[in-house]
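Structure, as structure tokens:
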Amino acid sequence: LGRVDAALGATPWRGRSVRVWPVVAAALDALMRENDVVVIEGAGSPAEINLSDVDIVNMRVAEHATAACLLVTDIDR
């Protein structure tokens with residue numbers, strides 16, 4: 003974790019999730035083992051169904067953690 007992966011920058015955007023998901027999942031698993039509560043903050047929209055196959059920052063993480071989810075929005079932005 004926390005190491006630069008030079009090859010990742012050369013990987014097409016949609017191909018990156020396949021490479022990074024195992025690292026994300028392992029880090030999340032470790033956090034859940036070591037802590038009673040883990041707060042997960044997503045990024046962007048959790049409802050972009052066109053990106054659901056490559057999502058690693060919203061619902062995929064929540065589902066992996068079997069997390070109770072709360073959606074907070076700001077209509078003025």
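When we follow our numbering, the leftmost residue of the sequence shown carries the number 3, and every step to the right adds one.
Heads up, the beta-carbon is just placed ideally off N, CA and C, and yes, glycines get one too.
field: Given residue 30 as reference, the closest of 60, 75 and 77 once Cα atoms are compared
entry: By one-based count along the sequence shown, residue 30 stands at place 28. Nearest C-alpha to residue 30: 60.
C-beta contact flag for residue 19 and residue 56 at 9 Å: Locating residue 19 in the sequence shown gives position 17, where the first residue counts as 1. Locating residue 56 in the sequence shown gives position 54, where the first residue counts as 1. The answer is yes: Cβ separation under 9 Å.
task: May I have a chain-ordered list of the alpha helix (DSSP H) segments no shorter than 4 residues that lie completely inside the segment 19 to 77?
output: 61 to 66
Reduced DSSP category for residue 12 - H, G, I as helix; E, B as strand; rest coil: The count along the sequence shown starts at 1 and reaches residue 12 at position 10. Coil.
query: Alpha carbon to alpha carbon, what distance is there between residue 51 and residue 23?
result: Position 21 of the sequence shown, counted from the start, is the residue given in the question as residue 23. Position 49 of the sequence shown, counted from the start, is the residue given in the question as residue 51. If I take the Cα positions, the gap works out to 18 Å.
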